[in-house]
Every structure is written in C-alpha cells, then in structure tokens.
Amino acid sequence: YGADRPVHNKNVIKDIPVILALNKIDLLTPTMRKSVNHDMLIEWAWNECKRFRFEPHAIITICARTGYNVPLLLDTAIKAVPIRTSLKRHPNLTTAQRFRDIYIIGTTNVGK
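Here the sequence shown is numbered in my numbering, starting from -7 and rising by one per residue.
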C-alpha cells in the first residue's frame, strides 16, 4: 500500500487479531530516551494506524535482540488467538496444538 492509501484490515483479514510489534526499541540513543518513551511511541503508532484505518489488536514495543517485552508479545499473541478446540473434547492435544497458527510478518533482516 502507498503512504496515502488506507488499509482496510476488516476486509483483508477479517476476524484475525493483528499485533503490531515495534522492534529495535534498543536503538533509541540515550538522548532520544530522555525525550521519547515507550508510551509516546505506542501512541504515535496508534495514531498512524487510525490514520490508515488499520485496527491492530495491540501495539507492543520490543527488542528481539535483548528479549525486551518478547514474553509480553508472546503472551498477548497466545491470548489473542482463539482456541481451536476444547480440551474436554480432545484431552490428548497439547496447548500448542489447540491454538490457531500464529504468523510473524515483517521486513527482511529486522529481527523477526
């Protein structure tokens, strides 16, 4: 999509929760950290999503290299993806087998 073209995620990926992970948060310089915090980045990302009519389930700042907020990202993803089948009907399935697939999409060489 172009910079001015809206993303209509309700039509493209209907009923699929999208979690926006802002990676490389560790690249903020000490000077930048004094004036920009994680809440400000998340607020900016929400505003950009609204501008393009994109409605993510959540926005999380992470650092894949250090692991910062990666557990929160995984926990959010697992909670956002509905259970495919009940444990009562299929008691032999592991937790991972009961959940829908989770896909990670991003630009090449950015720490997916």
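Using N, Cα and C, we set each Cβ at its ideal position, and we do this for glycine too.
Everything numeric in this text was worked out from a predicted model, so none of it was measured.
7 Å Cβ cutoff met for residue i and residue j
{"i": "T53", "j": "L14", "result": "yes"}
{"i": "I94", "j": "C55", "result": "no"}
{"i": "P73", "j": "P48", "result": "Looking at the sequence itself, residue 73 is Val, so the reference to Pro does not match. Cβ distance not < 7 Å, so V73 and P48 don't count as in contact."}
Reference residue i; option with closest CA among the options
{"i": "A69", "options": "H30, A50, E35, D31", "result": "A50"}
Between the CA atoms of residue j and residue i - distance to the nearest angstrom
{"i": "E40", "j": "N29", "result": "17 Å"}
{"i": "N101", "j": "L64", "result": "22 Å"}
{"i": "A37", "j": "L12", "result": "9 Å"}
{"i": "Y(-7)", "j": "P22", "result": "Confidence in Y(-7) is poor, its pLDDT being 40 and thus under 50, which makes the residue's placement unreliable; the coordinate value appears in the next sentence. The straight-line gap from Cα to Cα measures roughly 33 Å."}
{"i": "L33", "j": "M24", "result": "11 Å"}
{"i": "D67", "j": "F44", "result": "27 Å"}
{"i": "I8", "j": "G59", "result": "25 Å"}
Reduced DSSP category for residue i - H, G, I as helix; E, B as strand; rest coil
{"i": "A37", "result": "helix"}
{"i": "L64", "result": "helix"}
{"i": "I52", "result": "strand"}
{"i": "I70", "result": "helix"}
{"i": "I11", "result": "strand"}
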